[in-house]
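Undergrad: The number in our numbering is simply the position in the sequence shown, starting from 1, with 21 added.
Here's a structure for you.
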Amino acid sequence: MRSAIRKRLIELFTASSQNFVSSQQICDELGCSRTAVWKHMEDLRKEGYEVEAVRRKGYRLLRKPDKISEDEILFGLDTESFGRHIYFQKEVASTQLIAHDLVNEGAPHGTLVVSDHQTNGKGRLQRAWHSPNGTGIWMSLILRPEIPLHKAPQMTLLASVAIAEAIKDQTGLRPSIKWPNDILLNGKKVVGILTELKAEADQVHAVIIGPGINVNQTADDFPDELKNVATSLRMELNDKVDRAALIQQIMSTFEKRYADYIKHGFAPIKQLWESYAMTIGQHIVARTVNGQYTGKALGINEEGVLLLETEEGIQKIYSADIEIKST
Ligand code: BTN
Numbered sequence: 022m023r024s025a026i027r028k029r030l031i032e033l034f035t036a037s038s039q040n041f042v043s044s045q046q047i048c049d050e051l052g053c054s055r056t057a058v059w060k061h062m063e064d065l066r067k068e069g070y071e072v073e074a075v076r077r078k079g080y081r082l083l084r085k086p087d088k089i090s091e092d093e094i095l096f097g098l099d100t101e102s103f104g105r106h107i108y109f110q111k112e113v114a115s116t117q118l119i120a121h122d123l124v125n126e127g128a129p130h131g132t133l134v135v136s137d138h139q140t141n142g143k144g145r146l147q148r149a150w151h152s153p154n155g156t157g158i159w160m161s162l163i164l165r166p167e168i169p170l171h172k173a174p175q176m177t178l179l180a181s182v183a184i185a186e187a188i189k190d191q192t193g194l195r196p197s198i199k200w201p202n203d204i205l206l207n208g209k210k211v212v213g214i215l216t217e218l219k220a221e222a223d224q225v226h227a228v229i230i231g232p233g234i235n236v237n238q239t240a241d242d243f244p245d246e247l248k249n250v251a252t253s254l255r256m257e258l259n260d261k262v263d264r265a266a267l268i269q270q271i272m273s274t275f276e277k278r279y280a281d282y283i284k285h286g287f288a289p290i291k292q293l294w295e296s297y298a299m300t301i302g303q304h305i306v307a308r309t310v311n312g313q314y315t316g317k318a319l320g321i322n323e324e325g326v327l328l329l330e331t332e333e334g335i336q337k338i339y340s341a342d343i344e345i346k347s348t
């Protein structure tokens with residue numbers, strides 16, 4: 022099926038918000054016969070769309086296939102800049118690497134790189150990120166905030182708040198955030214975010230926010246070493262999640278929260294972050310490049326830095342791997 026026809030049909034179904042669209046209306050919109058409409062519906066079904074046909078009522082779209090592409094993300098996207106420029110590739114080494122190149126080429130604020138499969142996904146602290154084909158959301162968002170370097174960690178916390186909120190709104194699940202930006206469901210990691218910077222002296226040129234979201238994996242899709250620590254939205258929900266719709270929701274929520282941040286500063290984001298945080302008040306071990314610290318997590322300060330009450334006094338943690346100790 023030509024993509025323009027598919028796009029128009031999906032637009033018609035979306036506008037009807039799950040009601041039937043009559044054959045006559047589709048004929049009029051596409052300028053074709055009823056037989057041609059029937060054939061288009063067959064083509065949609067072959068592409069994985071579930072279409073119900075009822076005599077004298079017409080057709081209704083029950084479910085879209087879980088497919089991501091530039092079109093699927095752009096259609097229905099309600100943002101001004103987030104996700105408006107999309108680079109989609111079926112397979113990449115890492116969306117972060119592509120985003121870095123795009124930053125150097127001058128890509129605008131809000132540019133989004135998305136892939137179905139990463140062969141060399143990058144995690145925090147030089148780790149690898151398992152990014153199997155067709156199941157998760159592997160993406161990198163380029164932002165160009167005019168902020169000094171020391172405020173860059175705030176962007177990481179802003180990202181985790183926006184993604185947690187979008188997941189809650191889209192699925193009804195209640196995610197929590199482990200400092201700085203792991204998103205967990207029932208104690209298992211469902212989202213990891215890698216934030217990278219292009220900066221000079223004290224000026225940030227670009228922030229690349231790279232979330233890896235486990236969406237439609239089953240337990241069998243995780244390698245043995247991740248089975249006890251990772252989960253997916255599908256496993257928690259017992260249902261598949263439309264990845265394109267979730268990307269749209271994330272772009273929309275992220276753009277709103279970013280606007281709040283630019284207008285009102287970090288305070289409203291800090292408050293939201295704290296409402297999702299599962300680290301505060303807990304006894305934790307923070308492994309940093311300068312050594313290991315143990316203590317009680319008191320919260321984050323106005324810059325997004327974690328405050329840890331240790332036996333030697335309050336320690337500021339800028340970047341670390343956190344382990345929550347059972348008390
Ligand atoms: C973590 O270690 O928790 C962060 C994982 C971040 C993975 C994502 S997947 C999309 C983007 N591209 C990458 O190569 N990494 C990030």
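From the three backbone atoms N, C-alpha and C, an ideal C-beta is built for every residue, glycine too.
Closest by CA to Glu73, which one among Lys67, Leu83, Ile188 and Leu65?
TA: Counted from its first residue, the sequence shown places residue 73 at position 52. Here the closest residue by C-alpha is Leu83.
Undergrad: Are there any heavy atoms of the ligand BTN lying less than 7 Å away from the beta-carbon of Lys209, as far as the coordinates show?
TA: Counted from its first residue, the sequence shown places residue 209 at position 188. Flag unset: Cβ of Lys209 not near the ligand BTN.
Undergrad: Can you tell me the Cβ-Cβ gap for Gly131 and Phe103, rounded? I've got them flagged as a contact below 8 Å.
TA: Here residue 131 corresponds to residue number 110 of the sequence shown, with the count starting at 1. Here residue 103 corresponds to residue number 82 of the sequence shown, with the count starting at 1. Going by Cβ atoms, the distance from Gly131 to Phe103 rounds to 5 Å, so yes, they are a contact pair.
Undergrad: Taking only three categories from DSSP, how would you classify Tyr314?
TA: Against the sequence shown, residue 314 aligns to sequence position 293. Tyr314: strand per DSSP, three-state reduction.
Undergrad: What's the gap between the Cα of Lys248 and the Cα of Ile31?
TA: As a first step, residue 248 is located in the sequence shown; it is residue number 227 there, counting from the start. As a first step, residue 31 is located in the sequence shown; it is residue number 10 there, counting from the start. Looking at the two C-alpha atoms, the distance is approximately 37 Å.
Undergrad: What separation, rounded to the nearest whole angstrom, lies between the Cα atoms of Pro153 and Asn141?
TA: For the purposes of this step, residue 153 is identified with residue 132 of the sequence shown, where counting begins at 1. For the purposes of this step, residue 141 is identified with residue 120 of the sequence shown, where counting begins at 1. Approximately 10 Å between the Cα atoms of the pair.
Undergrad: If you drop the 5 nearest sequence neighbours on each side, which residues of the same chain put their C-beta closer than 7 Å to that of Thr156?
TA: Within the sequence shown, the letter at position 135 stands for residue 156. Excluding sequence neighbours, Thr156 sits near Val236, Asn237, Gln238 and Asp242.
Undergrad: Report the option in Ala266, Pro174 and Ala298 whose CA atom is closest to the CA atom of Ala318.
TA: Locating residue 318 in the sequence shown gives position 297, where the first residue counts as 1. The option with the nearest alpha carbon to Ala318 is Ala298.
Undergrad: From Gln46 to Gln39, what distance separates their C-alpha atoms?
TA: Indexing the sequence shown from 1 puts residue 46 at position 25. Indexing the sequence shown from 1 puts residue 39 at position 18. Their backbone Cα atoms lie some 15 Å apart in a straight line.
Undergrad: For Asp203, verify whether its CB is less than 7 Å away from any heavy atom of the ligand BTN.
TA: For the purposes of this step, residue 203 is taken as the residue at position 182 of the sequence shown. Checking every heavy atom of the ligand BTN against the Cβ of Asp203, one is found closer than 7 Å.
Undergrad: On a CA-only basis, which of Pro196, Asp49, Lys60 and Pro169 is nearest Ala220? Give me that one, please.
TA: Walking along the sequence shown from the start, residue 220 turns up at place 199. It is Pro169.
Undergrad: Under the criterion of a Cβ to heavy atom distance below 7 Å, does Pro232 qualify as lining the ligand BTN?
TA: Along the sequence shown, one-based indexing puts residue 232 at 211. Answer for Pro232: yes, Cβ within range of the ligand BTN.
Undergrad: Name the DSSP beta bridge partners of Met160, please?
TA: As a first step, residue 160 must be located in the sequence shown, where it is residue number 139. According to DSSP, which records beta bridges pairwise, Met160 is partnered with Val135.
Undergrad: Hey, out of Phe109, Leu205 and Ala280, whose CA is closest to Met256's CA?
TA: Locating residue 256 in the sequence shown gives position 235, counting from the first residue. Taking only the C-alpha atoms, the option nearest Met256 is Leu205.
Undergrad: Which same chain residues end up closer than 8 Å to Pro289 when comparing Cβ atoms and leaving out the 5 residues on each side of it in sequence?
TA: Within the sequence shown, residue 289 is the residue found at index 268, counting from 1. Asp281 and Tyr282.
Undergrad: Can you check which of these residues, Ala187, Asn202 and Leu118, is closest to Asp342 by C-alpha distance?
TA: Taking the first residue of the sequence shown as position 1, residue 342 is located at position 321. Comparing Cα positions, the closest option is Asn202.
Undergrad: Is Ile214 close to the ligand BTN? I mean its beta-carbon at under 7 Å from any heavy atom of the ligand.
TA: Taking the sequence shown and counting its residues from 1, one reaches residue 214 at position 193. Ile214: yes, Cβ under 7 Å from the ligand BTN.
Undergrad: State the Cα-Cα distance for the pair Val124 and Ser54, rounded to the nearest angstrom.
TA: For this step, residue 124 is matched to residue 103 along the sequence shown. For this step, residue 54 is matched to residue 33 along the sequence shown. C-alpha separation (whole angstroms): 48 Å.
Undergrad: Give me the Cβ distance between Leu218 and Val225, rounded to the nearest whole Å; I'm assuming they're in contact under 8 Å.
TA: Position 197 of the sequence shown, counting from 1, holds the residue named residue 218. Position 204 of the sequence shown, counting from 1, holds the residue named residue 225. About 6 Å separates the two Cβ atoms, so the contact holds.
Undergrad: Put Asp203 into one of helix, strand or coil per three-state DSSP.
TA: For the purposes of this step, residue 203 is taken as the residue at position 182 of the sequence shown. Note: Asp203 maps to strand in three-state DSSP.
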